[in-house]
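Novice: Supplied in structure tokens, the structure appears directly below.
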Amino acid sequence: MTTQRRHKLWIAIAVVGIAAVLGAAFLAQRKPPLPAPQKTAPPSLEFLASDVMQVAPHDLREILTLSGALRAVNQAQVKARVSGEVREVLVREGASVSSGQVIVKMDTSEYQARVNQALGSQVAAQGQLDIASKTRANNKVLVEKGFISKNAFDNAASQYDIAKANVDSANGALDVARKALSDTVIRAPISGLISRRSVEPGEKVSPDNNLLEIVDLRQMEMAAAVPTSNILSVALGQEVRLTLGGLPAPVVGKVVRINPSIETGSRSIMVYIQIDNPQGLLRAGMFGEAQLTLSRKNGVLTAPQSAIQSDASDHYVYLIENGKVQRRSVTLGLRGSDGDSSNAVEILSGVSNGARIVKVNLGNLPDGASVKVLAAKPAGSQG
């Protein structure tokens, strides 16, 4: 092959290659464009009707919860006043007694003998006084007529004074003996119920030995410790609501005393709450909680604490509006009880009266997500 022919062949090959490249580029430009990425819509949320609430005005109370046990305001320990043997115990635990009622009788023989002895001594002393009185009267006449000396009259007068002192002493001893005899019969010092019986017939007792305990349940009292930081909000006559185990409903009491000194161990101050108990439903030793209102606001917007969420810089709720959930910042105020919730919070700003919010803490919810609130099932329905 000549040089000229080879040159033409290479030119032809180059032209074909360029044409192939241009054709491939043209075909590449004819391919359909890739579809644009779709934006992902927020997921749809479903709430139970019980998970949602409507914000409304309530009367809000800031509550201090205290605890303690009940005791009877009036109670008495019945103790022996004299030593001796117990003959009769006329009451048992739970029995009702009236003030002045005989409840224990002791052996009286020794004390009756002492009364008899003291009475004999008193009679003898009175006899000596009568003799001394007559002698003094006679000697007074004689000394006035000069039949006896002044010293003789003074001696008779002295004997009279001694006899009179002996009578006074005998009368005192008789009173003591009679008092000891009367102390063998023990009476109820107050009206109430027997709460404890510590003695049985035949036992020997000494003065100040406990025999019985009586409680008057018509008025009860709870002693509760109030932190010093709250004590300025507590006042005499302040109303208190108490919840006690075994009772179907709270009872109402009032603050009747405030201790003037601080408890050194707890740095708190004891407050005494009195509760009337006309039906006798309350019992000594019952344990319960007392709710003391420290402050009150009426007609304020509230939500349960469970509806309030927080992060490092904000408090917020999840608002349901136009079928979507929206995070809404709120400003909070007083915390307390609003009648619907014992752990409610005042909402100062951020939501308005009638707004629907999620009242349970379901974690972080996607802002703007569609919301469907499921209707509550009728009572007794299945599935």
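If you count the sequence shown from 1, you need to add 2 to reach our numbering.
All C-beta atoms in this analysis are idealised placements derived from N, C-alpha and C, irrespective of residue type, glycine included.
The structure displayed is predicted, hence computed values, not measured ones.
Alpha carbons only, please: which of D210, P306, E95, V360 is nearest the one belonging to D340?
Specialist: It is P306 whose Cα lies nearest to the Cα of D340.
Novice: Could you check where the beta strand (DSSP E) with L350 kicks off and where it finishes?
Specialist: First-last of the beta strand (DSSP E) with L350: 346 to 351.
Novice: Which residues in the same chain as E112 place their Cβ atom closer than 8 Å to its Cβ, once the five residues preceding and following it in sequence are excluded?
Specialist: Answer for E112: G86, listed in chain order.
Novice: Tell me the rounded alpha-carbon separation between T304 and R63.
Specialist: Computed Cα separation, rounded: 11 Å.
Novice: Please confirm whether A139 and V169 have their CB atoms less than 8 Å apart.
Specialist: Taking 8 Å as the Cβ cut-off, A139 and V169 do not qualify as a contacting pair.
Novice: Residues in its own chain within less than 6 Å of N300 by CB, not counting five upstream and five downstream?
Specialist: For N300, where only same-chain residues beyond five positions count, the Cβ hits under 6 Å are D61.
Novice: Any chance you could list the beta strand (DSSP E) runs of at least 3 consecutive residues sitting entirely within the region 192 to 253, in chain order?
Specialist: You should have 194 to 199, 212 to 229, 241 to 246.
Novice: From the DSSP output, read off the bridge partner residues of S270.
Specialist: DSSP lists P229, E265 as partners of S270.
Novice: Is the Cβ-Cβ distance between A82 and L234 less than 8 Å?
Specialist: No, they are not a contact pair.
Novice: Using C-beta distances below 8 Å, list every residue in its chain close to R8, excluding the 5 sequence neighbours before and after it, in chain order.
Specialist: Caution applies to R8, whose pLDDT of 48 falls short of 50 and renders its modelled position unreliable; the value that the coordinates give is listed next. Hits under 8 Å: none found.
Novice: Does T137 come out as helix, strand or coil in the three-state DSSP assignment?
Specialist: In the structure shown, T137 sits in a helix (DSSP, three-state: H, G or I).
Novice: With burial defined as no fewer than 16 other Cβ atoms inside 10 Å of the residue's Cβ, what is the status of L376: buried or exposed?
Specialist: Counting Cβ neighbours within 10 Å, L376 comes out exposed, since fewer than 16 surround it.
Novice: CA-CA distance, A165 and V80?
Specialist: If I take the Cα positions, the gap works out to 41 Å.
Novice: Run through the region 258 to 346 for me and flag every whole beta strand (DSSP E) of 3 or more residues, listed as ranges in chain order.
Specialist: Those beta strand (DSSP E) runs which fall completely within the region 258 to 346 and span 3+ residues are 270 to 278, 289 to 306, 317 to 323, 326 to 331, 333 to 338.
Novice: Between the region 204 to 222 and the region 115 to 126, do three or more beta carbon pairs fall short of 8 Å?
Specialist: The region 204 to 222, when compared against the region 115 to 126, does not touch it at the 8 Å Cβ threshold.
Novice: Buried or exposed for F49, going by 16 or more other Cβ atoms inside 10 Å?
Specialist: F49 comes out buried.
Novice: Checking contacts by CB at 8 Å: is A71 closer than that to chain C?
Specialist: Chain labels in this structure do not include chain C; a single protein chain is all it has.
Novice: How many Å lie between R330 and P262 at the Cα?
Specialist: Their backbone Cα atoms lie some 47 Å apart in a straight line.
Novice: Can you name the residues that DSSP bridges to Q56?
Specialist: Note: Q56 sits in a beta bridge opposite R358.
Novice: Taking the beta strand (DSSP E) that L50 falls in, what are its first and last residues?
Specialist: 47 to 50 is the extent of the beta strand (DSSP E) around L50.
Novice: Roughly how many angstroms lie between the CA atoms of R94 and E223, to the nearest whole one?
Specialist: Those two C-alpha atoms are separated by around 25 Å.
Novice: Between the region 242 to 259 and the region 310 to 319, do at least 3 Cβ pairs fall closer than 8 Å?
Specialist: These segments do not touch.
Novice: Ordered along the chain, which non-local residues of its own chain (more than five positions away) have a Cβ less than 7 Å from that of V236?
Specialist: Here the set comprises V228, V257, I260, V273, L294.
Novice: Can you find at least 3 beta carbon pairs, one from the region 152 to 164 and one from the region 188 to 208, that sit closer than 8 Å?
Specialist: No, they do not touch.
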